[in-house]
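Here the structure is laid out as structure tokens; the discussion comes afterwards.
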Amino acid sequence: GPGWEAWRGCGPAGCGAERENAAALTLGFFLWQPVEIDMIVGKDREGFFTNGLTLGAKKCSVIRDSLYVDGDCTMDIRTKSQGGEPTYNVAVGRAGRVLVFVMGKEGVHGGGLNKKAYSMAKYLRDSGF
24 GPGWEAWRGC
34 GPAGCGAERE
44 NAAALTLGFF
54 LWQPVEIDMI
64 VGKDREGFFT
74 NGLTLGAKKC
84 SVIRDSLYVD
94 GDCTMDIRTK
104 SQGGEPTYNV
114 AVGRAGRVLV
124 FVMGKEGVHG
134 GGLNKKAYSM
144 AKYLRDSGF
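The sequence shown begins at 24 in the working numbering and counts up one residue at a time.
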């Protein structure tokens, strides 16, 4: 299936252990693991600010977390440079059962990515996803 979708049975109160798709997901050079998706949608909304998180085993910082804020439902993430490699902004949008990941090219500002993730997630929410 499409690499930008992570299907889950998530509601605003958090997510249970159900997994409609436990396979790893790909997006660009990321190979997403279910445990990484679980961290993004999990109930602990503070731990990743302190410890960071990983996407496709790449270390990332959470810039802004409004994934469970009504009317927003987005999260902004930035990859950390490992060995001098470029960093990338990643925006996440949450619909009912779908996460939308939008990754910018090197140097692309996160604000535009956030708007894209927000509008795609809103479209999917309005379409019943």
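Every residue gets a Cβ at the ideal spot worked out from N, C-alpha and C, and that includes glycine.
All of these numbers come straight from a predicted model, not from anything done at the bench.
Residue 120 beta carbon less than 7 Å from that of residue 152
Contact: yes.
For residue 80, the three-state DSSP class (helix, strand or coil):
Note: residue 80 maps to coil in three-state DSSP.
When the Cα atoms are used, what is the spatial distance from residue 134 to residue 117?
The alpha-carbon separation between residue 134 and residue 117 amounts to approximately 16 Å.
Indicate whether the contact test is met: 3 or more Cβ pairs, each with one atom in the region 103-114 and one in the region 142-152, closer than 8 Å.
Too few Cβ pairs lie closer than 8 Å, so no.
Taking the continuous beta strand (DSSP E) assigned at residue 90, which residues delimit it?
Taken as a continuous stretch (DSSP letters only), residue 90 belongs to no beta strand (DSSP E), as it is neither H nor E.
Taking the C-alpha atoms as reference points, what is the distance between residue 49 and residue 147?
In this prediction, residue 49 has a pLDDT of 45, which is less than 50 and means its spatial position is unreliable; what the coordinates show is noted afterwards. The straight-line gap from Cα to Cα measures roughly 20 Å.
Enumerate in chain order the residues of its own chain whose CB-to-CB distance from residue 83 is below 8 Å, with the five nearest sequence positions on each side excluded.
Sequence-distant Cβ neighbours of residue 83 in its own chain, meaning closer than 8 Å and more than five residues away, are 75, 76, 77, 100, 101, 102, 103, 113.
Run of the alpha helix (DSSP H) containing residue 58, from where it starts to where it stops
Its alpha helix (DSSP H) spans residues 57-64.
Would residue 68 pass as a contact of residue 95 if the rule is Cβ separation under 7 Å?
Their beta carbons are not under 7 Å apart, which means residue 68 does not touch residue 95 by this criterion.
Tell me which same chain residues have a C-beta within less than 8 Å of the C-beta of residue 132, skipping the five on either side of it?
Closer than 8 Å at the Cβ level, and outside the excluded window around residue 132, lie 112.
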